[in-house]
Amino acid sequence: MTELLEPRALPEAAAPAPARPGRHRLRALGRRPRLLVCGALVLLVLLLAAFPSLFTRVDAHNPALCELRDALALPSAVHWFGTDALGCDYYAQVVHGARASVTIGLVVTGATFLISMVIGALVGYLGGWVDAVVSRLCDVMFGLPFILGAIVVLQLFDGRSVATVCLALTLFYWPSGVRYMRSAVMGVRSREYVQAARVLGGSNLFVVRSHVIPNSLTPLIVLKTIGLGGVIAAEASLTFIGAGLTPPSVSWGLQLAAAKLEISTHPHLLVFPSIFLSVTVLAFVLFGEAVRDALDPKTR
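Heads up, the sequence shown is in the numbering used here, so the first residue is 120 and it goes up one at a time.
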């Protein structure tokens, strides 16, 4: 009887499973309308570069069909952007020119991201003479003008393709990322979870790979996302002054370089690739800023 009168302990409620940080970040990104709009514009640019045939008609907008009798025609219902000096449909040329420009931007950004992540993480975590040597090397690279250094390297090649331009830009674009990653790692390496991993016997490689790098990548991701538009603009600038891509490559920079000879009589040759280039650069810059606002805890 006494057992029935004694209060029974209620079963403890099961503790909710801890949410993954990645899910919170994805939800935070999804609640940013500015990020979604800029992301949609970036996705459109990537589709334009990857599948240009989706945006052109086979009958009227075929870049391989050129008629000299239609050379330098003004925009019309048949040729939306007019034709170039060879009679090729200029709309098709501009659409297909996105591939080389965007490819260079993505390859250079991806390569410098990996270089900055690895070197910056090692330098920031190890410190000492490794930090001193790499920091002085970065200072030397910062002393060289970005465009001028790329011009000097590109002059070593007779024919300049997408690969050679990517190589030249990568050589002079990595130091800023190393500095950002180094600063982030130096702020993370003294955290409690990093110290606990080291006390438990984790090697330097394990600690850097599992704890330091994943918690230090946000500034580098934002930097490279914003800088991708700058790489595309740098390629167009190099090609425009004759130091970048050369035919048979097709890019917005080559179209702008060819249009400067006809700008007084046929300004549409300069206007349309300029619009595509400006919108693309602006899309990546705004997307990078939106990513920064979404990932920055101060703006939440």
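Virtual Cβ for every residue (Gly too), placed ideally from N, Cα, C.
Check                                                                                                                                     : Outcome
Under 7 angstroms between C-beta atoms of residue 389 and residue 382                                                                     : yes
Buried versus exposed call for residue 114 [16 or more other C-beta atoms within 10 Å across all chains shown]                            : A question about residue 114 goes unanswered here, because the residues of the chain that appear run from 120 up to 419.
CA-to-CA distance, residue 223 to residue 199, given in whole angstroms                                                                   : 27 angstroms
Neighbour-count burial assignment, residue 342, 16 or more Cβ in a 10 Å radius                                                            : buried
Where the alpha helix (DSSP H) through residue 402 begins and ends                                                                        : 387-414
7 angstroms Cβ cutoff met for residue 304 and residue 243                                                                                 : yes
Any 3 or more C-beta pairs closer than 8 angstroms across the region 309-322 and the region 232-239                                       : no
Chain-order list of residues whose beta-carbon lies under 8 angstroms from that of residue 369 (same chain, five-residue window excluded) : 182, 212, 215, 216, 218 and 219
Whether residue 273 touches residue 362 by CB criterion (7 angstroms)                                                                     : yes
Spatial distance of residue 294 from residue 241 (CA atoms)                                                                               : 14 angstroms
From 194, 351 and 204, residue whose alpha carbon lies closest to that of residue 380                                                     : 204
Where residue 258 falls: helix, strand or coil (DSSP)                                                                                     : helix
Buried or exposed (CB count within 10 angstroms, at least 16 for buried), residue 193                                                     : exposed
Rounded Cβ spacing between residue 296 and residue 339 (contact assumed at less than 8 angstroms)                                         : 6 angstroms
Proximity below 7 angstroms, CB of residue 283 to CB of residue 231                                                                       : no
Per DSSP, cross-strand counterpart(s) of residue 185                                                                                      : 207
Own chain partners of residue 209 with C-beta closer than 6 angstroms, once the 5 adjacent residues on each side are dropped              : 200, 201, 202 and 203
Of the residues 377, 299, 344 and 364, the one placed nearest residue 405, counting alpha carbons only                                    : 344
Closest Cα partner of residue 278 within the set 188, 171, 367 and 155                                                                    : 367
Nearest-angstrom Cβ-Cβ length linking residue 397 and residue 375, presumed shorter than 8 angstroms                                      : That pair is no contact at about 11 angstroms.
Helix, strand or coil at residue 228 [DSSP, three-state]                                                                                  : helix
Contacting residues, own chain, Cβ-Cβ under 7 angstroms from residue 355 (five flanking each side not counted)                            : 220, 371, 372, 375 and 396
Contiguous alpha helix (DSSP H) assignments of at least 4 residues, all confined to the region 235-301                                    : 247-262, 265-273 and 281-292
Residue 359, enclosing alpha helix (DSSP H) - first and last residue                                                                      : 336-359
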